[in-house]
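Asks: Quick one: the structure is below, and I'll ask about it shortly.
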Amino acid sequence: MADFSAKKSIDEAAERRRHSTTRSDRIIAILGATFAVLAALATLFAHQRSTFALAAKNEAVLAQAKASDQYNFYETTKIKYELNQSLLESKLVTDKAGRTYLEESSTKEAQATSAISRQAQQYENESARQQINSERSLHSFETLEIAVTLFEVAIVLVSISALTTTRALIYISVGGGTIGIVYFAIGLLQHT
């Protein structure tokens with residue numbers, strides 16, 4: 798009798814092992830691992846986009862500050878020019894050396910204003926370009942975060958499916974994971 802019981806136990810153990818490594822179990826494990834890898838990649842790219850967005854925003858603020866400084870310098874130079882012109886036109890300065898100095902200074906200020914204005918405009922354009930880059934990176938970040946969430950939900954559903962052996966949850970997780978893949982691709986393409 799003892800031999801029959803031992804043989805029966807060994808046969809039952811072998812049967813449990815066969816059932817525990819069925820094809821569906823392997824598919825569940827592969828799905829869970831695939832979604833975990835996709836979630837990790839999406840998280841990596843989301844964090845990268847977040848960093849790009851912050852860096853571009855900082856560059857935009859810096860360029861705008863430089864533009865503001867240049868416009869202030871432009872205004873100062875323009876005021877000097879106008880003051881020199883007013884002194885020349887008023888004929889308050891009568892000596893030749895004083896008038897020559899005002900004329901030369903006025904000419905120099907007039908020439909400088911256009912260069913200063915162009916530089917300020919370049920800084921403004923740079924600020925606008927960096928602002929656009931920041932917004933694009935931020936949209937990419939948000940889309941990638943949606944993908945990460947979908948992948949994480951898919952992982953949870955696959956795990957629950959493995960515990961409960963419910964096939965409906967596998968299909969739902971595959972659907973959510975597929976949508977996550979679409980969001981992942983869109984998020985990657987938004988940055989370019």
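The opening position of the sequence shown corresponds to residue 798 in my numbering, with each subsequent residue numbered one higher. Cβ coordinates follow ideal geometry from the N, Cα and C atoms, glycine included.
So for Val890, helix, strand or coil by DSSP?
Replies: Here Val890 sits in coil by DSSP.
Asks: Under DSSP, the alpha helix (DSSP H) around Thr975 begins and ends at which residues?
Replies: Looking at the DSSP string, the run of the alpha helix (DSSP H) that includes Thr975 is Arg964 to Gln987.
Asks: Considering Cα atoms alone, identify which of Phe938, Thr819 and Ala830 is closest to Gly974.
Replies: Nearest of Phe938, Thr819 and Ala830 to Gly974, Cα basis: Ala830.
Asks: Rounded to whole angstroms, what's the CA-CA distance from Ala944 to Gln916? Just pull it up for me.
Replies: The alpha-carbon atoms of Ala944 and Gln916 are separated by roughly 42 Å.
Asks: Is the beta carbon of Ala857 sitting closer than 8 Å to the one on Gln908?
Replies: Contact: no.
Asks: Would Phe981 be called buried (16 or more neighbouring beta carbons within 10 Å of its own) or exposed?
Replies: That one is buried.
Asks: Taking buried to mean at least 16 other C-beta atoms within 10 Å of its own C-beta, is Thr904 buried or exposed?
Replies: Exposed, by the Cβ-count rule.
Asks: Do you know whose CA, among Ile967, Thr840, Thr940 and Thr963, lies nearest Ala951's CA?
Replies: Here the closest residue by C-alpha is Ile967.
Asks: Against chain C, does Glu872 count as a neighbour if the rule is that its beta carbon must be under 8 Å from one of theirs?
Replies: Within the model displayed, chain C is absent; a lone protein chain is all it includes.
Asks: Helix, strand or coil for Thr840 per DSSP?
Replies: Residue state, collapsed to three classes: helix.
Asks: Is DSSP giving Thr897 helix, strand or coil here?
Replies: The answer is helix: DSSP assigns Thr897 an H, G or I state.
Asks: Work out the CA separation of Phe870 and Glu949 for me, nearest whole Å.
Replies: So the alpha carbons of these two residues sit roughly 54 Å apart.
Asks: Can you tell me whether DSSP reads Thr819 as helix, strand or coil?
Replies: Coil, per DSSP.
Asks: For Leu941 versus Ala837, is the C-beta distance shorter than 8 Å?
Replies: No, these two residues do not count as a Cβ contact at 8 Å.
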